[in-house]
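Notes follow once the structure below has been shown.
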């Protein structure tokens, strides 16, 4: 291989992560776009819809640790490809639940959403794992922010399309169209994704640059694999104050995310009187701001790191400032003009985007021997919010008859995340785990070292 000028294969890998995450979040959001029409057709109330929204989260959370172990055991390429194909297939099948009777349709929809969540479980630990392998430390914040910002781009790109499909053809068709996108992409994934050492397009110069600057290039090398989840490693992570603070922060950040992924289009239709077609387009405006904020947060973080600031300051500053801005969502309760409501939602989503650097922090702190498992544990805590947020908001709406306290709940999530990073997390450092002794004394506490 010619080594005079480094190739840029890692950017192709990042593009693939961005695209797959866009499809991932679009498939999650199908139920939100279809929610108002589906609720009317199936005759279900707000609480039942909240439980259907949460079905994804129950399985997604349960699948995180097994999904992370599968990534460590079999590698990112094959596990992720199977994940894409299966979640897309279950998305397609949701388009046919209307063929059943009302009660059966509700149960079938819940179960299919559950299976989508289970199939998607390896996705974000896989993203973090691939970024850790392909990107040096000083580029990791931007790379993580770019794939994470795809959640906003999914709404920008697909919310108007999905709104038009529901408006023109009915809610069933949105599941079929979006699921077929994913099935096609799973084949593309297998053709493009490789580890740094195995990719046919990388040259020596790029490989050396990645390897010498913090990239975990041999993460998926063939050889001896772990037999199962390392439960003592998990215990060590769960007793580390820094990691507990990161987990709490991610739970609260995801609380904001899942408001936008589930109840936000319903809010626009039921609270603000928009048509589903208009709501689909309006929902894309805050998402554009979230996308810009998401990319900007990673760029700012890596810029601070290159300027000599500590890893702790470079990661925490955008997170804290962004989440303080995100708490402005509560201001929607005090305005009636439509453009001001959309403006405050856009500001809140922009701030949330800037502050959504949790996956960069995970790439910075994950122990090298269990990068997938560590990402899975992080995502387990974060996505408990995918269960609690839709249900809590459903009960709030049912008991109060409006979304006002629901927006307060979302704003409080942002403030708790700020508290977590300010007070609990402390210095951000790479965690080095101690191997458990075969017998004898108690396992030593983990030793953190700077990245």
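Numbering (the numbering used here), first residue to last: 1 to 451.
Just so it is clear, CB atoms sit at the ideal spot from N, CA and C, and this is done for glycine as well.
Assign residue i to one of three DSSP states: helix, strand, or coil.
| i | result |
| --- | --- |
| residue 224 | Because the pLDDT of residue 224 is 47, which lies under 50, any placement of that residue in the model is unreliable, and the number read from its coordinates should be weighed accordingly. Correct three-state label for residue 224: coil. |
| residue 430 | strand |
| residue 383 | coil |
| residue 9 | helix |
| residue 22 | helix |
| residue 439 | Because the pLDDT at residue 439 is just 43, under 50, the model does not fix this residue reliably, and the point stays unresolved. |
| residue 77 | helix |
| residue 308 | coil |
| residue 16 | helix |
| residue 282 | helix |
| residue 112 | helix |
| residue 452 | A question about residue 452 goes unanswered here, because the residues of the chain that appear run from 1 up to 451. |
| residue 194 | coil |
| residue 31 | helix |
| residue 178 | helix |
| residue 425 | coil |
| residue 318 | helix |
| residue 214 | coil |
| residue 46 | helix |
| residue 202 | coil |
| residue 373 | helix |
| residue 95 | coil |
| residue 66 | helix |
| residue 148 | helix |
State the CB to CB distance for the pair residue i and residue j, rounded to an integer number of angstroms; the pair is presumed to be in contact (CB under 8 Å).
| i | j | result |
| --- | --- | --- |
| residue 326 | residue 360 | That belief does not hold up - the Cβ atoms of residue 326 and residue 360 are roughly 17 Å apart, past 8 Å. |
| residue 141 | residue 279 | Going by Cβ atoms, the distance from residue 141 to residue 279 rounds to 33 Å, so no, they are not a contact pair. |
| residue 293 | residue 350 | 4 Å |
| residue 320 | residue 421 | 6 Å |
| residue 46 | residue 394 | 5 Å |
| residue 119 | residue 25 | So it is not a contact: roughly 14 Å between Cβ atoms. |
| residue 363 | residue 131 | 6 Å |
| residue 213 | residue 431 | Actually they are not in contact, since the Cβ atoms of residue 213 and residue 431 sit about 20 Å apart, beyond 8 Å. |
| residue 314 | residue 305 | 4 Å |
| residue 114 | residue 59 | 5 Å |
Please say whether residue j and residue i have beta carbons closer to each other than 8 Å?
| i | j | result |
| --- | --- | --- |
| residue 264 | residue 153 | no |
| residue 301 | residue 357 | yes |
| residue 385 | residue 255 | yes |
| residue 71 | residue 372 | yes |
| residue 34 | residue 252 | no |
| residue 84 | residue 189 | yes |
| residue 391 | residue 406 | no |
| residue 282 | residue 268 | yes |
| residue 289 | residue 331 | no |
| residue 147 | residue 21 | yes |
| residue 342 | residue 427 | no |
| residue 55 | residue 110 | yes |
| residue 31 | residue 52 | yes |
Report the residue from the options whose alpha carbon sits nearest the alpha carbon of residue i.
| i | options | result |
| --- | --- | --- |
| residue 199 | 217, 182, 185, 186 | 217 |
| residue 235 | 288, 343, 434, 19 | 434 |
| residue 482 | 423, 430, 355, 157 | Given a span of 1 to 451 for the chain in the structure shown, any question on residue 482 remains unanswerable. |
| residue 57 | 162, 184, 35, 117 | 117 |
| residue 76 | 252, 376, 299, 244 | 376 |
| residue 15 | 127, 391, 67, 373 | 127 |
| residue 37 | 266, 319, 429 | 266 |
| residue 181 | 422, 74, 91, 343 | 91 |
| residue 206 | 353, 44, 10 | 10 |
| residue 237 | 51, 370, 121 | 370 |
| residue 174 | 316, 187, 160 | 160 |
| residue 80 | 50, 429, 129 | 129 |
| residue 67 | 409, 110, 124 | 124 |
| residue 192 | 412, 411, 12, 410 | 12 |
| residue 352 | 41, 172, 259, 17 | 259 |
| residue 424 | 274, 242, 272 | 242 |
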